[in-house]
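Residue numbers (the working numbering): 18 to 516.
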């Protein structure tokens, strides 16, 4: 009998080992990893400029007036010492309520308004070191005087118009890191700026005062200016403009980041490791890109005012639907701000299927309904839906509920909110060409982003750059970092993007 049991146990173990081997070879996760390794997805980062390549076995050809450099180290000074003191200070109580903080996003006009917004939050709801980090970045980019400063001027990325806003901002964050590490000030080229396809050309009705740079919708990166912002052409991706130097230094970002092994400025990494010594490199990178995105994307006065008009229903309808006790649909008003407990769902479809599995809308709803059933005292079936796919909006209009949680959940049927913006299930660039003024459409998209972070629960997949922006900004612009994010893709989709 004992031998028989041992024989059965051996067979079971062998069968289990066989199944494990098969799963390891053919699991969806392994396939996804191999696909990602084989080709960098378009929404991650634009490829480095083909004109500047760092290898040991070839000669680099560059314009005569340029010098290539990738070995510059950050020097710590008084500002870094001030940052280190600031991060050791105990948290301060919040200045304002949740609703007041949300409304302040739409009313922010200046860099000081944005600093006041962040510093007025409850620090326990933010990412680690957020208040000190945002002030440090601002001070680094805006010294007391601009004379004698060193500048890092950033040109348009190769193939820029093929990338979404999340990918462009992520790439800019790498250059902001290099600027901090090299005691430089990051600026955009005035001739050809990153993300210019999101901005209407001045020759076609755009704003001449800002050209086609992100300065048209975001706060300026710096109050300072550099002579190198003009005349860069397409010779280099980015250049250093250093006082007292007649030549311009070409910066190879890929070589720099690869050589130094991190996108995170050392002053931040040291502070984070003092809090959590075993913090992973992926988490350091994700933290930095969230902080950088929050700084880069601070809305300027004009964009904030336009966004507030749209949020309150001017030019763009804000819509709502719910079902009564008899199961009949009826229109409802769109509240401002979103009520507490509202769930954000951003369904990324469009051209994203070329690099990741498109998650069906039903999966989002099932995940959210499971959460409301597990947390009936603190949540409602009430959601804001954003997507580029008009079919998802049509599905939503007939979706009172999916699962029979009438008694186990907080309420029986969904209330849905959405914006009546133009939608086309394709790439961002195709939509920008199709729907008129590029700047205004970009602001409408940014409104979807801000309305998403007005919510308190987030359903999405971080395989999408837009969902990563939602995840980032909720942790800086609002103190919602401890609120649930319900992943409908792979749990580690926040990791592994970019170099």
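Where a beta carbon is used, it is the ideal one built from N, C-alpha and C, also for glycine.
Cβ contact annotation for residue 468 (same chain, cutoff 6 Å, sequence separation greater than five): 401, in chain order.
Apart from sequence neighbours up to five positions away, the residues of its chain that approach residue 154 with a beta-carbon distance below 8 Å are 193, 197, 308, 309 and 312, ordered along the chain. Exclusion of the five residues before and after residue 426 leaves 386, 389, 390, 393 and 398 as the residues of its chain whose Cβ lies within less than 8 Å of its Cβ. Relative to residue 334, the option among 286, 349 and 345 whose CA is nearest is 349. By the Cβ-count criterion, residue 109 is exposed, with fewer than 16 other Cβ atoms from all chains shown falling within 10 Å of its own Cβ. As computed with DSSP, residue 432 is found in a beta bridge with 339 and 399. For residue 419, the three-state secondary structure derived from DSSP is coil. A direct Cα-to-Cα measurement between residue 301 and residue 172 gives close to 26 Å. Residue pairing by DSSP places residue 464 in no beta bridge whatsoever.
Assigned with DSSP and collapsed to three states, residue 300 falls in helix. Under the 10 Å beta carbon count, residue 258 is surrounded by 16 or more other beta carbons and is classified as buried. Taken in chain order, the complete beta strand (DSSP E) segments of 3 or more residues contained in the stretch 173-204 number zero; there are none. In the three-state scheme derived from DSSP, where H, G and I count as helix and E and B as strand, residue 292 is classed as helix.
DSSP places residue 138 outside both helix and strand once states are collapsed to three, so it counts as coil. By the Cβ criterion, the stretch 322-338 is in contact with the stretch 350-362, since at least three pairs of Cβ atoms, one from each stretch, lie closer than 8 Å.
Collapsing the DSSP output to three states places residue 220 in a helix. Bridge partners of residue 348 according to DSSP: 338. Around residue 113, the same chain offers 137 as residues with beta carbons nearer than 6 Å, after the five sequence neighbours per side are excluded. Cβ-Cβ distances below 7 Å link residue 227 to 233 in the same chain, with the five nearest sequence neighbours on each side left out; the list follows chain order. Fully contained in the stretch 443-514 are the following beta strand (DSSP E) runs of length 3 or more, in chain order: 474-477 and 502-504. Ranked by how close their Cα comes to the Cα of residue 105, the residues 432, 215, 148 and 237 have 148 in first place. Secondary structure of residue 257 (DSSP, three-state): strand. Residue pairing by DSSP places residue 363 opposite 403 in a beta bridge.
Residue pairing from DSSP places residue 170 in a beta bridge opposite 204 and 256.
For residue 284 and residue 97, the gap between their C-alpha atoms comes out near 7 Å. In the DSSP secondary-structure assignment, residue 235 is bridged to 316. Using a Cβ distance threshold of 8 Å, residue 471 and residue 119 count as a contacting pair. In summary, residue 95 is exposed, with fewer than 16 beta-carbon neighbours lying within 10 Å of its beta-carbon over all protein chains present. A direct Cα-Cα distance of roughly 47 Å separates residue 336 from residue 102.
The Cβ-Cβ distance between residue 502 and residue 488 falls below 8 Å.
Judged by DSSP in its simplified three-state form, residue 245 adopts helix. Shortest Cα-Cα distance from residue 419 to any of 429, 411 and 410 involves 429. For residue 434, the CB contacts under 6 Å within the same chain, skipping 5 residues up- and downstream, are 337, 351 and 401 in chain order. If you look at residue 104, you'll find it in the alpha helix (DSSP H) that goes 95-104. Here residue 342 is exposed, its C-beta having fewer than 16 other C-beta atoms within 10 Å.
Annotated as distal: residue 479 and residue 215, with beta-carbon spacing of 8 Å or more.
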